[in-house]
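Numbering-wise (the UniProt record's numbering), the sequence shown opens with residue 1 and increments by one.
Glycine included, each C-beta is placed from N, C-alpha and C at the ideal position.
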Amino acid sequence: MKKTIMSLAAAAALSATAFGANASAKEIEVEKGDTLWGISKDHGMNLKDLKKWNQLSSDLIIPGQKLNISSQEEKSDEKQYTIESGDTLSKIGQTFGVAVDDLKKRNNIKSDLIFAGETIAIDGQAAGVTPPAKQEAVQTEQTEKPKKELTVTATAYTANDGGISGITKTGVDLNANQDAKVIAVDPSVIPLGSKVYVEGYGEATAEDTGSAINGNKIDVFIPNKKDALNWGVKTVNVQILN
């Protein structure tokens, strides 16, 4: 568990913002090897809430970066529900009397795909409601799960590393698409075209290969050379979504 430092200045500054007068902030410093996903789990936070709190547009963080966190106990205006195996947004919505669209909007969820262990914000009026018992037969049919999850070694590259053209194996021009979320893979492990979720990087598509990318190894595309170098070499989890 990383050491948490109370930031009185940050708390005072945020008290006058849209986060509300009762909100407070704690500040941590990103350390080498940290991932946004890991920090969210350490502090019992929803990953999407952590990104929104810090105005992050991606999962990329670098050592020395300051992050504001807020614990579940500090969110007096909403309740947190931890997703369990077998849950769907529809089932959670029915249990707590919340429309699926409202759940998605509140938690900035773009699809119906959710993962066990993540937390989502639920309207405070639903406090004390106990989720229904899981039914294994229904769970098998309704639960949306990644087909495969694996641990890989992840490095980073830019569009012109080593004199490469910047055109991926599938034809994506990374020079013209600097915001593309792309990874290079060994197609025998992760097929080209696969949609994936990379811990610490976010949702991406397997669009590229490389002579050094063999077995459980990936290369994540980061447009800025400095940021790519700061990524270094990490061991991360990858969920194949299709």
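Using the beta-carbon count (16 or more within 10 Å), is residue 235 buried or exposed?
exposed
Straight-line Cα distance separating residue 164 from residue 113:
35 Å
Run through DSSP, which three-state label would residue 67 get?
strand
CA-CA distance, residue 32 and residue 51?
19 Å
Any idea what DSSP makes of residue 38, helix, strand or coil?
helix
Cα separation between residue 193 and residue 98?
35 Å
Within this structure, are the beta carbons of residue 119 and residue 46 separated by less than 8 Å?
yes
For residue 205, report the span of its beta strand (DSSP E) as first-last.
202–208
Whole-angstrom C-beta distance between residue 238 and residue 152, which should lie under 8 Å
5 Å
With residue 291 as the anchor, note down where its alpha helix (DSSP H) starts and where it stops.
Because residue 291 is not part of the residues shown, which for the chain are 1 to 242, the question remains open.
Per DSSP, what are the beta-bridge partners of residue 239 in this structure?
149 and 197
Less than 8 Å between C-beta atoms, sequence neighbours within five positions excluded: which residues of the same chain meet that for residue 227?
60, 62 and 156
Contact under 8 Å by Cβ, residue 200 with residue 89:
no
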